[in-house]
Structure formats: C-alpha cells, structure tokens
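So the sequence shown is numbered by the working numbering: it starts at 2 and just counts up by one.
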Amino acid sequence: MSKYILGISAYYHDSAACLLKDGEIFAAAQEERFTRIKHDHNFPKNAVAFCLQYAGIKVNQLDAVAFYDKPIIKFNRLLETYLSYPGRGLKSFLMAMPLWLKEKLWMQDGIAKELKYEGKILFPEHHESHAASAFYPSPFNQAAFLTIDGVGEWATSSYGVGSGNKIQILSELHYPHSLGLLYSALTYFTGFKVNSGEYKVMGLAPYGEPKYVKTIFENLVDLKEDGSFQMNMEYFNYNTGLTMTNSKMDSLFDGPARKPESLLTQREMDIARSLQDVTEEIMIRMARHVKKATNEKYLCLAGGVALNCVGNGKLLRENIFDDIWIQPAAGDAGGALGAAFAVYHHYFDQPLQQKSGRDLQKGSYYGTEYSDDEVKEFLSIYKIPAHKVTSEELVTQISNLIDDGKIIGWFEGRMEFGPRALGARSIIGDARNSEMQKKMNLKIKYRESFRPFAPTVLAEKV
C-alpha cells in the first residue's frame, strides 16, 4: 500500500503544501497561486485540497502530516529575546502574543481541525526541513548541504551532510546573527517591503557601486574567515521592535531610510550593490568552510538566501565544489516539501529513491494543470478569441511574433512549484529589443523599470 505524507508550511509567508507518494513528489503548490494574495501566509487549504485531489485520495488516507518547524521552540526564542531586552520590546511583545496564545501554540490542534484529520502530525525543525528539501530531491546520494535564511526556531544558517536516507546537521549560526535578516533590514532601509522586496534589491544592485561595503563590515557585520559572523544589534530593531533598523543606521548611509514608493536615488543603488557584494562574500566563505569541514564533492542549497541567484552564480563560479544543486522552492514554501521528506526518511526510516545522477524534482512542475476542455471553457466565459494550431505551427507563429517585438504569454502543462517562472507559466519577449525590459515591467508586470528578467539561451550557445 502506498505511503502518503502531506507537508505544510504556513503562518509566516509563502504558505504551501506538498504531497509525497512513496517518497516521490506527487504534487506541490503555494497558496498564493489559488488566492492571488502575494506571499499568502494563511493555512494553505486550497493547496492542500489540490494535492489530495490530484492524488485522488482523502485526508484520512494520509500516513502523516508534516509541518515545517517547531512552534514551541520558536515561542521560547521570542520569550528569551523579549526578556533579554526588558521594556524595549514591550510593544512588539504585546502585538505578537495574542496570535501565539490563540493559535500558534496550539498548532497541532489547529492543523487537525483545518484538515479534519485524526492521524500523526509531526514537526521537523525549520532548518531540518530546509536541509531535507535541499538534499533529498538533489541528484546526489551523498553531499554537503548549506541552508541560509532569516530565522527558523533559533538557527539562521546551518550546514551538514546528507547520506542515503539520513541528514545530519553539524553546525548552526543562531539568531539574531542572520544573513537573511541583514538583507531584509537593508531591504527595509532602501524602502522595499520585507519578505517580498529582497529580490528587488538584488535586481537594483547592478545599477550601483560598492561604496558601502567597508561601512557594512566595519559597523554592522563582524565576519570571520569561516563565514560565521556577529551583527552589531545597536543598529537593528528586528529583535525587539516593530521596524528592521533604527535611526543610528542613518549616519552610516548618508541619510534616513527611503520612504516606500518615493524616488529611487543613486544612494539606494549603491546600498543594494554593497549589500549584494557583502552577501556574496559571506556565502563564499560559508561554502569554503563547509567544504573544509565535510570534504564532500557536492553541495546542496536551500533557505531564502538561496533564492539569491546572483550570489548562487558567483558561488558556482568559485568551483569550491564539483557541483551545486539548489532547491527551486528554496524559501519557506519549500519547507513544506522538506518537512514531508524529513518525516518520510527519518520518522518512517524509508530508503532514498534511486537517483542515477538525476534529481528527483524533475523540473519542479508539480502544480495544477488543465485539460483542453477546461481551457476552452475559460476562454469562452471571458470571450477571448482562440484558434487551434499544430505544435509546428505554434512554434513558427510564436517565433515570428517574438521577432516582431510582440510579447507572449506561455501556459503549458503543470504549474511550477517555487517563485520562479520556468517555462510552464511564463511571459516571453525578445531580449535583443532594448525597450523590451521596460515595456514588460511597466505595461505588463506593473513594476519598477529596473527589474530584471531571466534569459533563455540554447545550451549549445552557453
């Protein structure tokens, strides 16, 4: 009889659900894809319903439900933090406690109630979930892993080794010292939204100069050779307050934090570039230390910082490891996948799937798909003209339209799991057209003109 594990991440940002069937990813989706609420943090009831429906099973057929962190340990961290700064964190404490006392402390009961489920509900630690999402779907039977994010329970980064059906975390860096929170803090300072604007800062970085790198290392981050570091909390408020930074930061960056939606200046571009350079240096030092500590040939990456594709590219070009595999849903959404894998392999002690040099994520196409009849019905309801063509005709027509400067919406097969468009739900334009980036950003995506797009290149041209 098949063994089904449902993985869930929720209540912070990017809620998601994933279903494993006998250790293979069967379905996975983020809640935002159903509710159209960006980074939806609510319980992923729509994503769960999709996963179960796609597998054709009922909730009582699940062998276990896995949640992506341990709420009790996270609650202890909150209490210890507030007690360490008596008085300073009172306002934040009073805002946080009602939700914790009403819902989060009773997570097991809440999940059971949401799902109407009476079976096992298990709670791997946050970085265990990230590590599992990095190693188990990777193409490697044995590898080092490195996870870097804002914060889980206490850990903000960790590394270890995966071998067969087991992962072992060897070392952790603990809160409040966090590369993810440093990036979020300066995302806030440059006027973007925390937990959603970090990729904007990465996209802004190429327009700036690294003039504040020395400032960051001398005042904010005490970086060691092994990639570990301590942050100077005199400049940050995220551990006790309602903002990420405080007014002391103003003196370091030639003025106060940018107000959201106000004009971007060269200063913000320089801060972004400096932060990106600092992030890359920390990532590289961490990876070098992981190589030295584990002597493994391969590295697997996960955690929100592993969505920094510029840093990942720099790390790959350093040739520290023979190869690197990065979880496509590296952020909290991927925690649902990792939690399910951790429970399947650790709790149930099930063997690792045969990989034969290929990853088990299979392109990350695990979301919804629609039949031709469903597509026709949708087009009919909204009175969208359509005509059917052969695959050969489609390729020719699309190529001509792109060459003519037109922009294409591409919808095919199952939706991607993770934040990146990977060809199943994509907007395609001609990269040779110097106006294309601005046109797609301003007229289609309704976002800042500097935002980048991913290029698609024939393999033989790389």
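From the three backbone atoms N, C-alpha and C, an ideal C-beta is built for every residue, glycine too.
Boundaries of the alpha helix (DSSP H) harbouring Arg318: 310–318, taken from the DSSP string. Fewer than three Cβ pairs drawn from the region 307–325 and the region 167–179 lie within less than 8 Å of each other, which leaves the two stretches out of contact.
Taking C-beta separations shorter than 7 Å and ignoring five residues to either side along the sequence, the partners of Thr36 in its chain run Asn47, following chain order.
Non-local C-beta neighbours of Tyr208 in its own chain, meaning closer than 7 Å and more than five positions away in sequence, comprise Met270, Phe451, ordered along the chain. Contact holds between the region 99–111 and the region 65–81, because three or more Cβ pairs, one in each stretch, are under 8 Å apart. By the Cβ-count criterion, Gln328 is buried, with 16 or more other Cβ atoms from all chains shown falling within 10 Å of its own Cβ. Out of Asn196, Tyr367, Thr246, Lys249, the CA that lies nearest to the CA of Tyr55 is found in Tyr367. According to the DSSP assignment, Ser164 belongs to the beta strand (DSSP E) that extends over 156–164. Of the other Cβ atoms in all chains shown, fewer than 16 fall within 10 Å of the Cβ of Pro261; this residue is therefore exposed.
Distance from the CA atom of Ser10 to the CA atom of His128, rounded to whole angstroms, is 13 Å.
Per DSSP, reduced to three states, the secondary structure at Thr241 is coil, with no helix or strand assignment. The Cβ neighbour count for His388, taken over all protein chains shown within 10 Å, is under 16; the residue is labelled exposed. The residue among Val162, Thr191, Gly151 with its C-alpha nearest the C-alpha of Pro177 is Gly151. In the displayed model, Thr246 falls within a strand according to three-state DSSP. Per DSSP, Ile74 is not a residue of any beta strand (DSSP E); the alpha helix (DSSP H) it occupies stretches across 72–85. Your pair Ile385 and Ile403 does not check out as a contact, with CB atoms roughly 20 Å apart and the cut at 8 Å.
By the Cβ test, the region 289–304 is in contact with the region 140–160, since at least three Cβ pairs between them sit closer than 8 Å.
Separation of Arg268 and Phe190 (C-alpha to C-alpha, rounded to the nearest whole angstrom) is 11 Å. In terms of CA proximity to Tyr118, Ala65 leads the group Thr241, Ala132, Pro453, Ala65.
Cα atoms of Phe454 and Asn401: separation of roughly 21 Å, rounded to the nearest angstrom. The C-beta distance from Ser134 to Phe418 rounds to 11 Å, too long to fall under 8 Å, and the pair is not in contact.
For Pro87 and Tyr236, the gap between their C-alpha atoms comes out near 18 Å. The Cβ-Cβ distance between Tyr184 and Ile272 does not fall below 8 Å. Around the beta carbon of Thr397, fewer than 16 other beta carbons sit within 10 angstroms, so the residue counts as exposed. Per DSSP, reduced to three states, the secondary structure at Glu25 is strand. The alpha-carbon of Arg448 is positioned some 43 Å away from that of His347.
Note: Gln328 is not bridge-paired with any residue in the DSSP secondary-structure output.
Under DSSP, the beta-bridge partners assigned to Cys19 are Gly8, Ala29. With fewer than 16 neighbouring CB atoms inside 10 Å of its own CB, Lys363 falls in the exposed class. By the 16-neighbour rule on beta-carbons within 10 angstroms, Asp333 is buried. Under DSSP, the beta-bridge partners assigned to Ala144 are Gly163.
Bounds of the beta strand (DSSP E) holding Phe412 are 409–412. Going by beta carbons, Thr241 and Ser392 fall outside the 8 Å limit.
The beta carbons of His40 and Asp70 sit no closer together than 8 Å.
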